[in-house]
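Here's the structure, in structure tokens; my notes come after.
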Amino acid sequence: MSTDAQIDRAVELLRQARHAVALTGAGISTPSGIPDYRSPKSGLWEKAADMMEVASIYAFRHNPQAFYDWLRPLLRVILDARPNPAHYALAQLEATGCLKAVITQNIDLLHERAGSQNLYEVHGHLREVVCPACHYTLPAADLMDEFMARGTIPRCIRCHHIMKPNVVLFGELLPWATMKAAQMHARAADLVIVAGSSLEVAPAGDLPELALDNGARLVIINFMETHLDHRADIIIRADVADVLPQLARPFLPSRPETGSATDRITLGAIGKISSSGDVRMGE
Ligand SMILES: [Zn+2]
Numbered sequence: 164m165s166t167d168a169q170i171d172r173a174v175e176l177l178r179q180a181r182h183a184v185a186l187t188g189a190g191i192s193t194p195s196g197i198p199d200y201r202s203p204k205s206g207l208w209e210k211a212a213d214m215m216e217v218a219s220i221y222a223f224r225h226n227p228q229a230f231y232d233w234l235r236p237l238l239r240v241i242l243d244a245r246p247n248p249a250h251y252a253l254a255q256l257e258a259t260g261c262l263k264a265v266i267t268q269n270i271d272l273l274h275e276r277a278g279s280q281n282l283y284e285v286h287g288h289l290r291e292v293v294c295p296a297c298h299y300t301l302p303a304a305d306l307m308d309e310f311m312a313r314g315t316i317p318r319c320i321r322c323h324h325i326m327k328p329n330v331v332l333f334g335e336l337l338p339w340a341t342m343k344a345a346q347m348h349a350r351a352a353d354l355v356i357v358a359g360s361s362l363e364v365a366p367a368g369d370l371p372e373l374a375l376d377n378g379a380r381l382v383i384i385n386f387m388e389t390h391l392d393h394r395a396d397i398i399i400r401a402d403v404a405d406v407l408p409q410l411a412r413p414f415l416p417s418r419p420e421t422g423s424a425t426d427r428i429t430l431g432a433i434g435k436i437s438s439s440g441d442v443r444m445g446e
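Quick note, in this note's numbering, the sequence shown goes up one by one and the last residue is 446.
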């Protein structure tokens, strides 16, 4: 079956769904130029002989400088990246009410910048830095800019401990409340759209099973195989930045009119971006 025919089938499932949820992974951000840093093929892995040596909570405690040295090139790429049509398509589907939530394994904030509102970042995010000692939390933007410009590692203003981006490192637990809410959406879902995730990283990668066990349909858009392919209704091996806009198009109002739903969607998608000066729409 052709990719177009598969997308048509996915559109039909989305039309029938009452509680559709998307689960996204690194593959939705690679079209934005962010490499999958868990992939051995990315230069980010090769530079660190063993990622566990730098990107784990144990390594962070032992040698935060090595962690920040490793983070620096990745951070540069993420700060320069922009949402791509796949991010915008999910935000648009949410704005039309077709999609109830986006659960993401990504820390790059691109879903938020594209306008997604009901967003669960189960591996944390680069929006904040947190003190591992006293849990004091601060917005990350200025501190990360300072780090990129001068190499200044952020320190806690309460206890002077080195602060950590509020992302989940190897060896750390996932944020409890976020994961709980993500599980709730997975259990309530009658359709899960996996976009750009190989579902390899547990427990987020196991979320579709909660939905499947309740009878949900499953659409997987991913280049690589996943452990749930045999339970998927539709598998699309193509770029999410091509597929998701096609999937969203039938649900979007065709003609913008004053005060129409299109205006609201556009504003919703742009609203959170304008502060960073990025007002480009994916479509
Ligand atoms: Zn502190």
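All C-beta atoms, glycine included, are put in the ideal place defined by N, C-alpha and C.
Run through DSSP, which three-state label would residue i get?
i      : result
Arg239 : helix
Leu301 : strand
His286 : coil
Ala229 : helix
Val403 : helix
Trp208 : Since pLDDT at Trp208 reaches only 48, below the 50 mark, its modelled position is unreliable, and the value read off the structure follows with that caveat. Three-state result, Trp208: helix.
Ser195 : helix
Ala185 : strand
Val217 : coil
Ile170 : helix
Leu332 : coil
Arg138 : A question about residue 138 goes unanswered here, because the residues of the chain that appear run from 164 up to 446.
Arg318 : strand
Ser423 : Any reading at Ser423 must be qualified, since the residue scores a pLDDT of 46, below 50, and its modelled position is unreliable; no value is offered.
Leu415 : coil
Locate the alpha helix (DSSP H) running through residue i, then write down its first and last residues.
i      : result
His250 : 248–258
Ala345 : 339–351
Ala277 : 273–277
Looking at residue i: is its Cβ nearer than 7 Å to the Cβ of residue j?
i      : j      : result
Leu410 : Ala254 : no
Glu291 : Ala303 : yes
Val382 : Lys263 : no
Glu335 : Ile220 : yes
Ala351 : Asn247 : no
Phe333 : Ala258 : no
Arg181 : Asp396 : no
Ala358 : Gln268 : no
Leu391 : Pro408 : no
Ala349 : Leu373 : yes
Ile266 : Tyr283 : yes
Thr315 : Glu309 : yes
Cys297 : Leu177 : no
Ile399 : Gln169 : yes
Ala379 : Val406 : no
Val285 : Thr341 : yes
Leu289 : Pro328 : yes
Val330 : Gly287 : yes
Leu186 : Ser360 : yes
Ser279 : Ala244 : no
Ala401 : Thr166 : yes
Residue i lies in the beta strand (DSSP E); which residues open and close that run?
i      : result
Ile266 : 264–267
What are the start and end residues of each continuous alpha helix (DSSP H) run of 4 or more residues lying completely inside the segment 358–397, in chain order?
370–375
Across the segment 324–334 and the segment 344–355, are there enough close Cβ pairs to call them in contact, namely three or more that are closer than 8 Å?
Between the segment 324–334 and the segment 344–355 there are fewer than three inter-stretch CB-CB distances shorter than 8 Å, so the stretches are not counted as touching.
Counting pairs of Cβ atoms below 8 Å between the segment 185–199 and the segment 263–274, do you hit three or more?
Yes, the segment 185–199 is in contact with the segment 263–274.
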